[in-house]
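Engineer:
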Amino acid sequence: MRHVIWVLGAALVLGGCSTGAGGGIPVPGPDGDVVVIGGEEGRSRDGGVYARSARVPPGHYPPPGECRIWYPGREPGHQPPPGRCDRFVGRVPFGAFLLYNDKAWDTEYDWRREESRRPGSVPDIVLRIMSSLVRR
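Note that the sequence shown ends on residue 219 in the working numbering; no numbers are left out.
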């Protein structure tokens with residue numbers, strides 16, 4: 084019985100050390116580089132592409148009409164502050180999320196394609212910011 088518990092404990096520890104993503108992507112941020120785990124859009128069973136989702140706790144979205152950069156894997160209290168959305172044009176790194184109007188917009192997803200499929204589904208400011216992503 085002890086052996087089984089030891090093996091299960093070791094499996095949990097070792098399993099927690101692997102990401103399954105094959106590494107991370109260094110993304111420059113205002114407080115130094117952060118590592119974004121993932122790097123690809125998700126794929127559904129039928130081969131369709133979908134945006135990643137962000138785990139943003141309640142109270143961390145910006146006020147209505149403002150934007151905020153959200154780095155996956157960074158503690159909520161260490162995320163950059165919100166601000167006027169026009170200040171984020173050309174400043175949002177690929178791999179982060181753009182928080183706007185209670186939604187997390189994945190910078191790795193093709194929102195222009197989504198807008199062409201469903202006109203009016205993506206706000207103009209989100210399209211503007213997404214077309215100016217920082218890729219380093």
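The beta-carbon is built from N, C-alpha and C at its ideal position, and this holds for glycine as well.
Residues in its own chain within less than 7 Å of Val139 by CB, not counting five upstream and five downstream?
Structural biologist: The residue given as residue 139 occupies position 56 in the sequence shown. Closer than 7 Å at Cβ, skipping near neighbours: Trp153, Leu182, Ala187.
Engineer: Tell me which residues share the same chain as Ile208 and place their Cβ nearer than 6 Å to its Cβ, disregarding the 5 neighbours each side in the sequence.
Structural biologist: In the sequence shown, the residue the question calls residue 208 occupies position 125. If we look at Ile208 and ignore the five residues flanking it on each side, its Cβ neighbours are Cys168.
Engineer: Take Gly178 as the anchor and find which of Tyr133, Pro155, His143 has the nearest alpha-carbon.
Structural biologist: Your numbering for residue 178 matches position 95 in the sequence shown. Checking every option, the nearest Cα to that of Gly178 belongs to Pro155.
Engineer: Alpha carbon to alpha carbon, what distance is there between Pro202 and Gly112?
Structural biologist: Counting from one through the sequence shown, the residue named residue 112 turns up at place 29. Counting from one through the sequence shown, the residue named residue 202 turns up at place 119. Low confidence applies here, because Gly112 scores a pLDDT of 40, under 50, leaving its location unreliable and the question unanswered by this model.
Engineer: Can you pull the DSSP bridge partners for Gly166?
Structural biologist: Here residue 166 is taken as the residue at index 83 of the sequence shown, counted from 1. DSSP, once it has assigned bridges, lists Cys150 as partnering Gly166.
Engineer: Rounded to whole angstroms, what's the CA-CA distance from Gln162 to Phe180? Just pull it up for me.
Structural biologist: In the sequence shown, residue 162 corresponds to position 79, counting from 1. In the sequence shown, residue 180 corresponds to position 97, counting from 1. Spanning the two alpha carbons is a distance of roughly 11 Å.
Engineer: Could you give the residue range of the beta strand (DSSP E) that holds Asp189?
Structural biologist: As a first step, residue 189 is located in the sequence shown; it is residue number 106 there, counting from the start. Here the beta strand (DSSP E) through Asp189 covers 186 to 189.
Engineer: Per DSSP, what kind of secondary structure is Val175 in: helix, strand or coil?
Structural biologist: Working through the sequence shown from its first residue, we reach residue 175 at position 92. If DSSP states are grouped into helix, strand and coil, Val175 belongs with coil.
Engineer: Does DSSP put Leu210 in a helix, in a strand, or in coil?
Structural biologist: Position 127 of the sequence shown, counted from the start, is the residue given in the question as residue 210. Three-state DSSP puts Leu210 in a helix.
Engineer: Is it right to say Asp189 is buried, meaning 16 or more other beta carbons lie within 10 angstroms of its own, or is it exposed?
Structural biologist: If you number the sequence shown from 1, residue 189 lands on position 106. Looking at its Cβ environment, which holds 16 or more other Cβ atoms inside 10 Å, Asp189 is buried.
Engineer: Return the residue from the list Arg151, Val172, Arg211, Met213 that minimises the CA-CA distance to Gly166.
Structural biologist: Sequence index remark: in the sequence shown, residue 166 carries index 83 (1-based). That would be Arg151, whose Cα lies nearest to the Cα of Gly166.
Engineer: Can you check whether the CB of Val175 is closer than 8 Å to the CB of Arg211?
Structural biologist: Counting from 1 along the sequence shown, the entry for residue 211 is found at position 128. Counting from 1 along the sequence shown, the entry for residue 175 is found at position 92. Taking 8 Å as the Cβ cut-off, Arg211 and Val175 do not qualify as a contacting pair.
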